[in-house]
Structure formats: structure tokens, C-alpha cells
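To get the working numbering, take the position in the sequence shown, counting from 1, and add 1. One structure is given below, encoded as C-alpha cells.
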Amino acid sequence: MFSGNLNSLYYLIDCDTNKFPTEQLNVNNMQAESVKIVSNWGIGKDWTLFLDRDGVINQRIIDHYVCKWDEFHYIEGVLQAIRKFSSIFRNIVVVTNQRGINRGLMTHQDLSEIFDKMRQSIEKAGGRIDQFYYCPHLVEEGCNCRKPKIGMGLQAKKEFPNIDFKKSVMVGDMITDMEFGKGLGMKTIYLTNHRNTYYPNRSDVIDAYFSQLSDFANVLMEDTW
Ligand SMILES: [Mg+2]
Numbered sequence: 002m003f004s005g006n007l008n009s010l011y012y013l014i015d016c017d018t019n020k021f022p023t024e025q026l027n028v029n030n031m032q033a034e035s036v037k038i039v040s041n042w043g044i045g046k047d048w049t050l051f052l053d054r055d056g057v058i059n060q061r062i063i064d065h066y067v068c069k070w071d072e073f074h075y076i077e078g079v080l081q082a083i084r085k086f087s088s089i090f091r092n093i094v095v096v097t098n099q100r101g102i103n104r105g106l107m108t109h110q111d112l113s114e115i116f117d118k119m120r121q122s123i124e125k126a127g128g129r130i131d132q133f134y135y136c137p138h139l140v141e142e143g144c145n146c147r148k149p150k151i152g153m154g155l156q157a158k159k160e161f162p163n164i165d166f167k168k169s170v171m172v173g174d175m176i177t178d179m180e181f182g183k184g185l186g187m188k189t190i191y192l193t194n195h196r197n198t199y200y201p202n203r204s205d206v207i208d209a210y211f212s213q214l215s216d217f218a219n220v221l222m223e224d225t226w
């Protein structure tokens with residue numbers, strides 16, 4: 002059962018969140034608790050960071066896809082956060098579902114151009130992304146790479162054999178991101194994007210909650226690594 006109002010609940014059940022939350026939590030309490038949880042993980046230079054893209058790095062467009070660069074807008078504080086992560090994590094990879102491709106709304110080339118521009122702007126800000134992985138498939142194609150399936154994680158491990166999933170963090174804004182991370186044995190961080198005060202209690206797949214990526218970056222103190 003859940004408490005809280007129905008409107009906030011509907012907001013949570015958006016396109017990729019196919020599991021109905023059974024209970025809701027107050028995120029203000031959760032975020033304070035999450036600082037402690039993340040601090041205890043012992044994140045260091047042999048760790049890998051997996052980032053979802055839309056709703057984590059850039060603003061999601063509800064009911065549409067980011068098909069070109071002028072539709073891509075960084076969430077505030079993300080460039081600085083990635084710069085900080087770059088001095089801490091050994092690998093930083095993006096794993097993103099982009100079914101707009103197989104819906105015919107954009108091409109592989111369009112997406113590749115967006116990744117190039119992201120890479121350029123992130124590097125200009127002093128950060129880095131080591132690789133971008135994406136799934137172009139529709140749900141009904143039954144691929145192995147559309148999150149929550151773990152294919153993109155396995156692909157990353159193949160390319161970066163030093164990835165240790167037990168020393169990896171997945172940051173996303175969907176339950177499917179959390180299921181992807183847990184499916185590989187990672188730590189998971191759920192970003193709420195200030196959507197509401199109450200969030201689903203999915204402690205089976207969510208380890209920590211923050212409002213946005215910069216809140217997670219702020220917990221990590223790069224000087225100490
Ligand atoms: Mg997302």
C-alpha cells in the first residue's frame with residue numbers, strides 16, 4: 002500500500018517505470034540517510050561510474066526524445082559534477098536507452114553527433130566520458146541491451162576489463178536503471194529531479210536517493226582520493 006497523493010504517484014509511473022510503487026518515502030529524510038550510505042561505500046580510484054543520460058545529465062523531454070543537439074540541455078551543475086567524478090572514478094560510461102532511433106525519429110548518426118558534442122563540452126569543462134553505450138531497440142524487439150536488461154553493462158566490461166561491478170555505481174532516474182545496476186551487482190543511486198517530495202520505496206533495487214547528479218558529486222571529496 003502507499004501513502005501520499007495520487008498525482009505525485011502518477012508522475013512516478015512514467016514511460017519506463019513499469020512497476021507500481023508499493024510504498025512511498027520522504028526524500029528529504031532519504032537524502033540525509035543517503036549521504037551516510039554513499040560515504041560508507043569507500044568509492045576510490047578503482048571504481049566505475051555508470052550514468053544514465055536523459056534526466057541525469059540532460060533534461061528529459063517528456064513524451065519526446067532529444068533528437069538533435071539544440072534539444073540537449075545540461076541539468077544545472079552536471080558539467081562540474083562530471084569534472085569532479087573524472088578525478089575520482091577510473092571509468093565513466095554512459096548507458097542510455099534510445100528507442101527513438103528504431104522508431105525512426107532520429108538516426109544512429111544523429112545520436113553519434115550528440116555524443117560528440119557532449120564529449121567536447123564535457124572535456125572543455127575539465128571532465129571526461131570514457132564511452133557511450135546506447136540501445137536503439139524497441140521494447141517489442143526483445144533485445145538484450147535495453148535497460149533493465151544488462152547488455153550494455155556487459156559490453157562495457159568487455160571493453161574495459163578492469164570494471165568491477167561490485168565497485169561500480171549506477172546513477173539513473175528510472176526504476177529500470179536501478180534494476181540494470183542491481184542486475185550486475187552494482188550500487189545504485191536514484192535521482193528524483195525534484196519531481197516531488199515522495200518517492201517509491203524500492204529498497205530492493207535502490208541504495209541511495211538524491212535530487213540531482215551534483216548532490217552525489219558533493220558527497221565525494223576529491224582531495225581525499
Ligand atoms: Mg533517464
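In this text, a Cβ means the ideal position worked out from N, Cα and C, and glycines have one as well. Note that the coordinates shown come from a computational prediction; the quantities given were computed from them, not determined experimentally.
Chain D contact for residue i (CB, 7 Å cutoff)
i, result
"R54", "In summary, chain D is missing from the structure at hand, where a single protein chain is found."
Nearest residue (CA-CA) to residue i, options the options
i, options, result
"V220", "K118, I44, N29, N30", "I44"
"R61", "G173, N145, W48", "G173"
"I76", "D53, M187, V96, I102", "D53"
"D165", "K85, V96, D131, M187", "M187"
"K183", "V206, I115, K159", "V206"
"C136", "M171, I151, G56", "I151"
"F90", "R129, M175, C68, C144", "R129"
"D55", "M175, R203, M31, T189", "M175"
"Q81", "V36, Y191, K125, A157", "K125"
"F51", "A218, V67, V170, C144", "V170"
"Y134", "N29, F73, R147", "R147"
Distance cut-off 6 Å: residue i Cβ against heavy atoms of ligand 1
i, result
"D111", "no"
"G56", "yes"
"D174", "yes"
"D64", "no"
"D71", "no"
"D53", "yes"
Identified DSSP bridge partners for residue i
i, result
"S169", "T49"
"A209", "I190"
"N98", "C136"
"Y75", "N59"
Cβ neighbour criterion (16 or more within 10 Å) applied to residue i
i, result
"P201", "buried"
"A209", "buried"
"Q121", "exposed"
"H138", "buried"
"I63", "exposed"
"T49", "buried"
"E180", "buried"
"K33", "According to the sequence as given, residue 33 is Ala; it is not Lys. With fewer than 16 other Cβ atoms within 10 Å, it is exposed."
"Q99", "buried"
"V140", "exposed"
"F211", "buried"
"D117", "exposed"
"M2", "Note that M2 has pLDDT 34, beneath the 50 cutoff, so the model's placement of it is unreliable and the number below is only indicative. With fewer than 16 other Cβ atoms within 10 Å, it is exposed."
"D47", "exposed"
"T23", "Because T23 sits at a pLDDT of 46, beneath the cut-off of 50, its placement in the model cannot be relied upon, and the point is left open."
"N92", "buried"
"D71", "exposed"
Simplified DSSP assignment, three categories, for residue i
i, result
"N59", "strand"
"I93", "strand"
"Q32", "helix"
"L106", "coil"
"L112", "helix"
"T23", "For T23, the pLDDT reaches just 46, beneath the cut-off of 50, and the residue's location in the model is therefore unreliable, although a value from the coordinates is still provided. Coil at T23, not helix or strand."
"Q156", "helix"
"Q132", "strand"
"K183", "helix"
"I176", "helix"
"I190", "strand"
"V39", "helix"
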